[in-house]
Structure formats: structure tokens, C-alpha cells
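Reading through the C-alpha cells given below for one structure.
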């Protein structure tokens with residue numbers, strides 16, 4: 001029963017990563033929007049970099065999670 005809570009809790013960072021991939025500009029400004037008086041310019045390279053990091057995380061996170069999950073429950 002506790003593994004259900006673990007799975008649900010692990011979906012939160014995965015969801016944030018998907019949101020970061022879909023909306024990279026908003027994710028870069030998260031928590032910093034109030035600092036600027038007007039909308040800051042975010043470079044195209046920063047957006048591409050954020051999307052690439054999110055894409056790698058979307059691919060690697062489930063693989064690592066499955067390996068850890070199988071290792072823990074195979075003991």
C-alpha cells in the first residue's frame with residue numbers, strides 16, 4: 001500500500017518536468033516574474049537548453065525510477 005503513495009509522490013517532479021518541456025519560457029520565469037517591471041527577453045538558446053534538459057529528464061527519470069523500484073522490491 002505504501003508503494004502507491006511513493007508512485008504518486010514521484011509523479012509530481014515528472015509532471016513539473018513535462019510542464020517545463022511544454023512551457024519553457026514560463027518555467028524559466030517561475031518565481032522571478034515579480035523582479036522585473038516588464039517582460040524580460042529570454043534567448044532562444046536558453047529555451048532550447050531548457051527543453052533539452054527537460055527531454056533528457058523525461059527519458060531518464062522513468063528508467064532510473066523503474067530500476068530503483070525493481071531493486072527495492074526484489075530484496
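Residue numbers (the UniProt record's numbering): 1 to 75. Ideal Cβ positions, reconstructed from N, Cα and C, are used throughout, including at glycine. All figures in this text were calculated on a predicted structure; none of them were measured in a lab.
| Query | Result |
| --- | --- |
| Nearest neighbour of residue 54, chosen from 27, 6, 1 and 9 [CA to CA] | 27 |
| Assigned secondary structure, residue 34 (DSSP; H/G/I helix, E/B strand, else coil) | helix |
| Under 8 Å between C-beta atoms of residue 17 and residue 50 | no |
| Neighbourhood of residue 58 by C-beta distance below 6 Å, restricted to the same chain and skipping five residues each side | 17 |
| Assigned exposure category for residue 62 - 16 Cβ within 10 Å defines buried | exposed |
| Euclidean distance between Cα positions of residue 48 and residue 72 | 36 Å |
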